[in-house]
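Undergrad:
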Amino acid sequence: MSLMYPQRPARYVWFGSGRRRGYGMARAGMALAGVALIGVGVLLASARLSPSSELYAAEPDERVDSVELATRSGDVRVRVGSGDSVRVEQRVSYWWGAPGPGYEVRDGTLLLEDCGRFCGADYDVVVPDGVTVTGAVRSGDVELTGVAGIELRARSGAVTGRDVTGPVRVTSRSGDIDLDLAEPADVAAEARSGDVTLSVPDARYRVDGSSRSGERRIEIPTEPDAEHDLTLDTRSGTVTVRPATAP
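Letter by letter, the sequence shown follows residues 1 to 247 in the UniProt record's numbering.
1) Using the beta-carbon count (16 or more within 10 Å), is Ala191 buried or exposed?
2) Closest to Val147 by C-alpha separation, out of Glu62, Ser236, Thr240, Gly81, would be which residue?
3) Along the chain, which unbroken stretches of the beta strand (DSSP E) at least 3 residues long are found entirely within the stretch 83 to 151?
4) Based on DSSP bridge pairs, tell me the residues matched to Ser211.
5) DSSP three-state call for Pro243: helix, strand or coil?
6) How many Å lie between Leu69 and Glu62 at the Cα?
7) Which partner residues does Thr197 have in the DSSP bridge list?
8) What are the partner residues of Asp229, as DSSP defines its beta bridges?
9) According to DSSP, what are the bridge partners of Thr160?
10) Between which two residues does the beta strand (DSSP E) carrying Ala71 extend?
11) To the nearest angstrom, how far is it from the Cα of Asp163 to the Cα of Gly175?
12) Along the chain, where does the beta strand (DSSP E) containing Arg79 start, and where does it finish?
13) From Gln90 to Thr171, what does the alpha carbon distance come to, in whole angstroms?
14) Do you know how far the Cα of Pro51 is from the Cα of Val42?
15) Look at Thr240 and Leu198 and say whether their C-beta atoms are less than 8 Å apart.
16) In whole angstroms, what separates the C-alpha of Glu130 from that of Gly166?
17) Relative to the C-alpha of Val137, which residue among Leu55, Leu179, Gly214, Asp114 is closest?
18) Start and end of the beta strand (DSSP E) containing Ala57?
19) Tell me, to the nearest whole angstrom, how far the beta carbon of Val168 is from that of Gly157; I am working on the premise that it is less than 8 Å.
20) Quick check on this structure: which residue in Ser85, Ser139, Ala244, Ala188 has the alpha carbon closest to the alpha carbon of Asp208?
21) Please list, in chain order, all residues of the same chain as Val88 whose beta carbon is under 6 Å from its beta carbon, the five residues on each side excluded.
22) Quick check on the DSSP output: the beta strand (DSSP E) that includes Ile218 runs from which residue to which?
23) Taking DSSP's pairing of strands, which residues face Thr171 in a bridge?
24) Using CA atoms only, rank isn't needed, just tell me which of Asp107, Gly100, Pro243 is closest to Leu181.
25) Taking all protein chains shown into account, decide if Trp96 is buried (16 or more other Cβ within 10 angstroms of its Cβ) or exposed.
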C-alpha cells in the first residue's frame, strides 16, 4: 500500500533579492547624505549672504593734526566740527568674525584702516579745524568737509571735497572728483574714468591738463602767470571749472 502525502505549495526563491534590497537601502542612505550636504551648503551660503554688523565709537584724547586713510572697502566721511574734540564711528559688516576697531592715533595722525578680508568698514569722523587728509582708498566713496588739505589716491569710488581751505592732490581710477574750495589754493586732480568738477573762489588761476575723451569747460578767467595752479586731467570724462558762487 502506497502512502499519500499532501502536496505542499511550491516556494520560489529569487536569487539576488537580498542584494537588491541592500542596494536600495544604500541608495536611500546616499540620498539622505546628499540632502544633509545641501542643507549645510544652504546654511553656509546664507551666512555669507547675510553679514553681521558692529558699531565702534571713540573720542580719542590725543591731539590729531591729520587723518590718514588706508581702507579697502567702505565709505569714509571726515568733517570739521565746531570744537577741538575728535570723534570716530566705525561700522563694520563682516562674515566670519568681528574684526574689532580699525582706528588709532599715532604721533598726531588718526589712522583709519580696513578690517581685513570678508569685511567692510564705513567711517564717520569729526575732527578739529586745520586737519589735513591723506592716504589711499581701494573701494568706496570719500567725502571730506572743511579740511585744510587733501592728498588722496582712490581706486574705485567718488571723491568729494567741500569747503576745502588748502592744497588738493587727488587721483581716481574709477570715479568722479568733485571739489569746492573755500580759499584759493593749488589743485591737482586726475580721473582715469570719471568727471573732474572744481569750484573756486575769486582769485588768479592758471589751468593746465588734458582730456583724452571728454569736454573741458573752463568758466573762469585764466592767466599764464597766475598765483595758483589748477592741473586737471581726465582720460574719459569732463573737466569743469566754475566760480564758487555759481549754482
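Virtual Cβ for every residue (Gly too), placed ideally from N, Cα, C.
All figures in this text were calculated on a predicted structure; none of them were measured in a lab.
TA: Put simply:
1) One-based indexing of the sequence shown puts residue 191 at position 191. Classification for Ala191: buried.
2) For the purposes of this step, residue 147 is taken as the residue at position 147 of the sequence shown. Of the candidates Glu62, Ser236, Thr240, Gly81, the one whose C-alpha sits nearest the C-alpha of Val147 is Gly81.
3) 87 to 94, 103 to 106, 109 to 113, 119 to 127, 132 to 139, 142 to 145
4) Indexing the sequence shown from 1 puts residue 211 at position 211. Answer is Thr234, bridged to Ser211.
5) Residue mapping note: residue 243 aligns to position 243 of the sequence shown, counting from 1. The answer is strand: DSSP assigns Pro243 an E or B state.
6) Taking the sequence shown and counting its residues from 1, one reaches residue 69 at position 69. Taking the sequence shown and counting its residues from 1, one reaches residue 62 at position 62. Rounded to the nearest angstrom, the two C-alpha atoms are 18 Å apart.
7) The residue you call residue 197 lines up with position 197 of the sequence shown. Per DSSP, Asp178, Thr240.
8) Indexing the sequence shown from 1 puts residue 229 at position 229. In DSSP, Asp229 forms a bridge with Arg206.
9) Numbered from 1 along the sequence shown, position 160 holds the residue referred to as residue 160. Thr160 pairs with Glu143, Asp178.
10) Looking up residue 71 in the sequence shown gives position 71. Just to set this straight, residue 71 is Thr in the shown sequence, not Ala. Taken as a continuous stretch (DSSP letters only), the beta strand (DSSP E) holding Thr71 covers 66 to 73.
11) Residue 163 sits at position 163 when you count from the first residue of the sequence shown. Residue 175 sits at position 175 when you count from the first residue of the sequence shown. Straight-line Cα distance between these residues: approximately 20 Å.
12) Along the sequence shown, one-based indexing puts residue 79 at 79. Here the beta strand (DSSP E) through Arg79 covers 76 to 80.
13) Along the sequence shown, read from residue 1 onward, the residue named residue 90 stands at position 90. Along the sequence shown, read from residue 1 onward, the residue named residue 171 stands at position 171. Near 25 Å, if we compare the C-alpha coordinates of Thr171 and Gln90.
14) By one-based count along the sequence shown, residue 42 stands at place 42. By one-based count along the sequence shown, residue 51 stands at place 51. Low local confidence applies: a pLDDT of 47 at Val42 is under 50, so the model's placement there is unreliable, with the coordinate-based value given in what follows. The straight-line gap from Cα to Cα measures roughly 15 Å.
15) As a first step, residue 240 must be located in the sequence shown, where it is residue number 240. As a first step, residue 198 must be located in the sequence shown, where it is residue number 198. Taking 8 Å as the Cβ cut-off, Thr240 and Leu198 qualify as a contacting pair.
16) Indexing the sequence shown from 1 puts residue 130 at position 130. Indexing the sequence shown from 1 puts residue 166 at position 166. In the sequence as displayed, the identity of residue 130 is Gly instead of Glu. Rounded to whole angstroms, Gly130 to Gly166 spans 9 Å at the Cα level.
17) The residue you call residue 137 lines up with position 137 of the sequence shown. Ranking Leu55, Leu179, Gly214, Asp114 by Cα distance to Val137 puts Asp114 first.
18) For this step, residue 57 is matched to residue 57 along the sequence shown. Where Ala57 is concerned, the enclosing beta strand (DSSP E) stretches over 52 to 58.
19) Here the question's residue 168 lines up with position 168 in the sequence shown. Here the question's residue 157 lines up with position 157 in the sequence shown. That pair is no contact at about 17 Å.
20) Against the sequence shown, residue 208 aligns to sequence position 208. Taking only the C-alpha atoms, the option nearest Asp208 is Ala188.
21) By 1-based counting over the sequence shown, the position of residue 88 is 88. For Val88, where only same-chain residues beyond five positions count, the Cβ hits under 6 Å are Ala58, Tyr103, Val125.
22) Position 218 of the sequence shown, counting from 1, holds the residue named residue 218. 216 to 218 is the extent of the beta strand (DSSP E) around Ile218.
23) By 1-based counting over the sequence shown, the position of residue 171 is 171. DSSP, once it has assigned bridges, lists Arg153, Glu190 as partnering Thr171.
24) For the purposes of this step, residue 181 is taken as residue 181 along the sequence shown, with counting starting at 1. Here the closest residue by C-alpha is Pro243.
25) Working through the sequence shown from its first residue, we reach residue 96 at position 96. By the 10 Å Cβ count, Trp96 comes out exposed.
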